[in-house]
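Trainee: Structure incoming, see below.
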Amino acid sequence: MNASPLWLDFRPRPDLPLWTRRVTGEVTSPQGKAALRELRQGFAALGAEAAGDGPCLRLREEPGEGEGWRLSAEKDGPVLSGPGRGLVYGAFALLRKLALGEAPVPGEEAPRYPLRMLDHWDNADGSIERGYAGNSFFFREGRPVCGGRTREYARLLASVGLNGCCLNNVNVTGEALYLLTGKYDGELRAIGEALAEYGVSLWLSVSFAAPLEQGGLPTADPLDPAVRRWWRETCDRLFRAVPDLGGFLVKADSEGRPGPQSYGRTQAEGANMLAEAVKPHGGRILWRCFVYDCTQDWRDLKTDRARAQYDTFAPLDGQFADNVLLQAKNGPVDFQVREPVSPLLVRLEHTKSIVEFQLAQEYTGQQKHVCWLGAAMKEVLDFTGPAGTVKDRLSAVCAVSNTGDDFNWTGHDLAAANLYTFGRLCWDPDLDAEVTAREWTRLTYGPDPLVEATVTDILLRSREVYEQYTVPLGIGWMCDPPTHYGPSPEGFEYDRWGTYHRATCREIGVERGPAGTGYSEQYGPALGAVYGNMDTCPEELLLFFHRLPYDYRMRDGRTLLQRIYDDHFEGCAAAEAMAKAWDALEGRVRSDAFRRVQVRFREQVRSAREWRDVVNSWLYRLTLIPDEKGRKLYL
Ligand code: GCV
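This is the structure:
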């Protein structure tokens with residue numbers, strides 16, 4: 047198969063324990079068998095010579111669906127025990143340790159969240175919405191396909207602890223509308239089985255209007271008995287035909303998608319109707335909170351898109367069925383390089399929630415720029431609000447996948463570090479994200495200390511660097527509207543998406559404190575006061591929360607404008623330095639991999655220079671205030 051093994055490309059190690067020469071197993075489930083196979087193959091790749099006797103690793107499968115595993119030391123070698131799914135995770139954990147040159151120690155592990163998934167925005171025609179790594183490997187020419195990549199993908203997901211995968215785009219269109227109807231049950235079943243071998247459940251995005259569009263009913267009103275019956279019967283058939291189905295992901299009343307609002311019903315009434323239909327099958331509904339007015343008039347100064355999701359969902363807290371999870375993006379707007387944590391994640395008290403990250407780098411360089419999101423994800427998980435810390439309150443974690451059918455899966459080789467880190471953090475949100483960056487680097491490029499130091503350093507700095515040369519201080523939305531790539535400072539200003547900075551020659555930003563839209567108050571009194579006051583607001587979010595004059599003094603004494611100029615110059619220089627640091631690895635990283643990343647860095651540097659010059663010159667033209675350091679701005 048023409049696909050990179052990514053971090054599962056084990057290299058021979060000098061220091062393997064003797065028990066890696068022999069693996070025996072009392073395993074019966076498909077997952078138990080997969081674990082045994084992975085260990086045998088993995089130990090061989092790590093350089094263990096097979097032996098017929100002597101110390102060995104024994105696998106002991108326990109009954110049940112649990113996902114934990116235990117490694118214990120016994121007389122003639124270690125024993126890995128757990129249910130089949132647990133054995134898969136245990137097997138990959140052991141292989142990872144050995145590949146990293148660390149000694150496995152007795153102990154046990156279990157994942158923090160029961161659902162850890164990737165959402166694909168794959169369309170039935172094989173394209174991927176906001177996909178930057180080729181075409182879909184789940185769909186080709188209008189049909190779902192279970193190909194060679196399906197199983198490899200399941201392995202990759204399981205190897206970092208993930209256990210769910212939603213196959214199709216939340217914008218359900220074209221042939222994807224028929225995934226529910228029985229037309230593709232065979233294909234879905236095959237995909238479900240391939241994923242399930244590695245403990246990964248299959249999910250589908252569905253259209254809320256399916257009873258109308260596919261069922262031939264005159265309405266999709268969630269309180270209509272015929273609609274409810276249609277969903278029940280559809281689920282009875284589908285879950286029987288595709289036993290590995292976990293449930294549905296739903297984008298309703300969002301960016302033109304149908305939803306309960308059209309029938310005067312609440313989001314809770316809509317979600318609960320679906321929840322009732324999937325419940326007999328153990329299914330769950332992941333209901334997206336991305337509900338806002340996407341036809342805003344830019345002249346409307348009162349509406350604030352950042353408020354919309356909390357305003358819609360907070361009053362419904364406690365009204366959702368217990369197999370509904372509210373899925374909120376990590377920030378209140380839309381995956382900008384810097385946003386505050388969505389208040390929904392820290393204020394809902396009686397509703398299960400799932401955070402949605404975006405590994406697909408829609409606004410963070412589209413997998414042409416390196417932008418490691420591990421620290422950003424960790425900031426969200428560690429964030430504490432009035433109802434507690436995000437990671438302690440979540441019932442599940444998901445991310446929009448950054449994969450496609452490119453050889454390297456993720457377009458940019460270094461973007462695979464985002465997938466890796468995401469999985470590791472879903473398994474254990476207390477992990478140090480930086481450690482996972484280092485792990486990924488060592489597993490991917492081997493033990494060369496210069497490569498490890500250089501690549502890890504690039505990853506760790508990359509988000510701040512990207513933020514500096516694009517949209518620092520939380521301002522967001524200066525990218526080109528149709529593509530979301532490259533600079534266009536006023537591109538979104540007079541559009542309908544509610545994404546404005548309203549810059550004039552004197553000021554920039556939307557005031558979201560109490561004197562403005564009041565968005566800061568959604569965080570409750572204590573945190574709201576911190577954000578609502580420009581003197582206490584974290585500087586990196588200053589322009590997200592406040593509208594300020596260009597001569598506003600930052601904490602280090604620079605003016606706001608000078609800080610923005612500086613960030614663009616410094617960020618761009620840092621991108622150039624990262625590209626140079628990569629160049630110095632020539633000969634130390636396999637040549638094909640070296641070239642792929644080098645080509646991406648060339649584009650990153652070109653684009654960073656463009657961002658620097660376009661944003662800085664635009665501000666200079668608006669304000670006529672020169673750069674204090676006399677660097678080149680274009681009039
Ligand atoms: C799948 C943004 C993206 C859309 C995406 C949407 C969403 O608006 O640009 O491509 O649609 O978010 O998350 O639903």
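Residue numbers (our numbering): 47 to 681. For every residue, glycine included, the Cβ atom is placed at its ideal position computed from N, Cα and C.
1. Determine whether the beta carbon atoms of A29 and G450 lie at a separation below 7 Å.
2. Can V216 be considered in contact with ligand 1, in the sense that its beta carbon sits closer than 6 Å to one or more heavy atoms?
3. Would you list the residues sitting across from F185 in a DSSP beta bridge?
4. Does DSSP put K263 in a helix, in a strand, or in coil?
5. Nearest CA to the CA of V661: which residue from P535, E553 and V556?
6. What's the C-alpha gap between V635 and V497?
7. Tell me, please, which residues DSSP counts as bridged to T70.
8. Using the beta-carbon count (16 or more within 10 Å), is P268 buried or exposed?
9. Counting only the same chain and skipping the five closest in sequence on each side, list residues whose C-beta sits under 7 Å from that of V252.
10. Going by DSSP in three states, W333 sits in which element: helix, strand or coil?
11. In chain order, what residues of the same chain lie with their CB nearer than 7 Å to the CB of M600, ignoring the 5 residues before and after it?
12. With DSSP as the reference, label S447 as helix, strand or coil.
13. Between the Cα of G559 and the Cα atoms of A352, Q650 and D122, which residue gives the shortest distance?
14. Ligand 1 heavy atoms versus the CB of R5: any closer than 6 Å?
15. Quick one: measure Cβ to Cβ for T467 and G420, integer angstroms, because I've assumed they're closer than 8 Å.
16. Taking only the alpha-carbon atoms, compute the straight-line gap between L213 and D428 and give it to the nearest angstrom.
17. I believe A406 touches R176 by the beta-carbon criterion, under 8 Å. Please report the beta-carbon distance rounded to the nearest angstrom.
18. What is the DSSP secondary structure of S508, counted as helix, strand or coil?
19. Give a yes or no on whether the C-beta atoms belonging to Y224 and A442 are separated by under 7 Å.
20. Please confirm if the segment 117-130 is in contact with the segment 65-85, defined as three or more CB-CB distances below 8 Å between the two stretches.
21. What's the C-alpha gap between Y512 and N464?
22. Hey, would you say V246 sits closer than 7 Å to C211, going by beta carbons?
23. Along the chain, where does the alpha helix (DSSP H) containing L589 start, and where does it finish?
24. What residue does the alpha helix (DSSP H) around E632 start on, and which one ends it?
25. Which residues mark the beginning and the end of the beta strand (DSSP E) in which G128 is found?
26. Following a CB-centred definition, is K626 positioned closer than 6 Å to any heavy atom of ligand 1?
27. Could you spell out where the beta strand (DSSP E) holding A374 opens and where it closes?
28. If you count every other CB in all the chains shown that lies within 10 Å of the CB of G522, and 16 or more means buried, which is it?
29. Mark S637 as exposed unless 16 or more other C-beta atoms lie within 10 angstroms of its C-beta, in which case mark it buried.
30. Please list the segments of the beta strand (DSSP E) lying wholly inside the segment 213-284, counting only runs of 3 or more residues, in order along the chain.
31. Can you find the residues in the same chain that come closer than 7 Å, C-beta to C-beta, to L284, ignoring five residues on each side of it along the sequence?
32. Please determine, among L250, V436, P264 and G262, the residue with the shortest C-alpha to C-alpha distance to C281.
33. When you measure from the CB of K675 to every non-hydrogen atom of ligand 1, does any distance come out below 6 Å?
34. Helix, strand or coil, according to DSSP, for M163 in the structure here?
35. Does DSSP put R57 in a helix, in a strand, or in coil?
36. How far does the alpha helix (DSSP H) with Q313 in it reach, from first residue to last?
Mentor: So, from the listed chains and residues:
1. Residue 29 is absent from the model: the chain starts at 47 and stops at 681.
2. On the sequence shown, position 170 is the one that residue 216 refers to. V216 has its Cβ nearer than 6 Å to a heavy atom of ligand 1.
3. On the sequence shown, position 139 is the one that residue 185 refers to. Partner(s): P190.
4. As a position in the sequence shown, residue 263 is number 217, starting the count at 1. Residue identity check: residue 263 is Leu in the sequence provided, not Lys. L263: coil per DSSP, three-state reduction.
5. Taking the first residue of the sequence shown as 1, we reach residue 661 at position 615. With distances taken between Cα atoms, V661 lies closest to P535.
6. Stepping through the sequence shown from its first residue, residue 635 is reached at position 589. Stepping through the sequence shown from its first residue, residue 497 is reached at position 451. Computed Cα separation, rounded: 8 Å.
7. Stepping through the sequence shown from its first residue, residue 70 is reached at position 24. Paired residue(s): R104.
8. Taking the sequence shown and counting its residues from 1, one reaches residue 268 at position 222. Buried: at least 16 other Cβ atoms inside 10 Å.
9. In the sequence shown, the residue the question calls residue 252 occupies position 206. Hits under 7 Å: V218, L226, F294 and V296.
10. Along the sequence shown, one-based indexing puts residue 333 at 287. Strand.
11. Your numbering for residue 600 matches position 554 in the sequence shown. If we look at M600 and ignore the five residues flanking it on each side, its Cβ neighbours are E585, L606 and R609.
12. For the purposes of this step, residue 447 is taken as the residue at position 401 of the sequence shown. The answer is coil: DSSP assigns S447 none of H, G, I, E or B.
13. The residue given as residue 559 occupies position 513 in the sequence shown. The residue among A352, Q650 and D122 with its C-alpha nearest the C-alpha of G559 is A352.
14. No information on residue 5 is available, as it lies outside the stretch 47 to 681 that the chain covers here.
15. Position 421 of the sequence shown, counted from the first residue, corresponds to residue 467. Position 374 of the sequence shown, counted from the first residue, corresponds to residue 420. About 4 Å; that satisfies the 8 Å criterion.
16. As a position in the sequence shown, residue 213 is number 167, starting the count at 1. As a position in the sequence shown, residue 428 is number 382, starting the count at 1. For L213 and D428, the distance between alpha carbons rounds to 29 Å.
17. Here residue 406 is taken as the residue at index 360 of the sequence shown, counted from 1. Here residue 176 is taken as the residue at index 130 of the sequence shown, counted from 1. A406 to R176, Cβ: 5 Å. Contact.
18. For the purposes of this step, residue 508 is taken as residue 462 along the sequence shown, with counting starting at 1. Reduced to three states, the DSSP call for S508 is helix.
19. In the sequence shown, counting from the first residue as 1, residue 224 sits at position 178. In the sequence shown, counting from the first residue as 1, residue 442 sits at position 396. Their beta carbons are not under 7 Å apart, which means Y224 does not touch A442 by this criterion.
20. The count of Cβ pairs closer than 8 Å, one atom from the segment 117-130 and one from the segment 65-85, reaches three, so the stretches are in contact.
21. Along the sequence shown, one-based indexing puts residue 512 at 466. Along the sequence shown, one-based indexing puts residue 464 at 418. C-alpha separation (whole angstroms): 15 Å.
22. By one-based count along the sequence shown, residue 246 stands at place 200. By one-based count along the sequence shown, residue 211 stands at place 165. Contact: yes.
23. Position 543 of the sequence shown, counting from 1, holds the residue named residue 589. First-last of the alpha helix (DSSP H) with L589: L588 to F591.
24. Taking the sequence shown and counting its residues from 1, one reaches residue 632 at position 586. Premise fails: E632 is in no alpha helix (DSSP H) and is neither H nor E.
25. Sequence index remark: in the sequence shown, residue 128 carries index 82 (1-based). Where G128 is concerned, the enclosing beta strand (DSSP E) stretches over G123 to P129.
26. Residue 626 sits at position 580 when you count from the first residue of the sequence shown. Every heavy atom of ligand 1 is 6 Å or more from the Cβ of K626, so no.
27. For this step, residue 374 is matched to residue 328 along the sequence shown. V370 to K375 is the span of the beta strand (DSSP E), which, as asked, contains A374.
28. For the purposes of this step, residue 522 is taken as residue 476 along the sequence shown, with counting starting at 1. By the neighbour-count rule (16 or more Cβ atoms within 10 Å), G522 is buried.
29. As a position in the sequence shown, residue 637 is number 591, starting the count at 1. The residue in question, S637, is exposed, as its Cβ has fewer than 16 Cβ neighbours within 10 Å.
30. Segments of the beta strand (DSSP E) lying fully in the segment 213-284: 247-252.
31. Taking the sequence shown and counting its residues from 1, the one referred to as residue 284 is at position 238. Excluding residues within five positions, the ones whose Cβ falls inside 7 Å are L226 and L291.
32. Locating residue 281 in the sequence shown gives position 235, counting from the first residue. Nearest option by C-alpha distance: L250.
33. Here residue 675 corresponds to residue number 629 of the sequence shown, with the count starting at 1. It does not: the Cβ of K675 is nowhere closer than 6 Å to a heavy atom of ligand 1.
34. Numbered from 1 along the sequence shown, position 117 holds the residue referred to as residue 163. M163 sits in a strand when the DSSP states are folded into three classes.
35. Reading the sequence shown from its first residue, position 11 is the one you call residue 57. Looking at R57 - three-state DSSP - the assignment turns out to be coil, as it is neither helix nor strand.
36. Looking up residue 313 in the sequence shown gives position 267. Q313 -> alpha helix (DSSP H) spans Q313 to V324.
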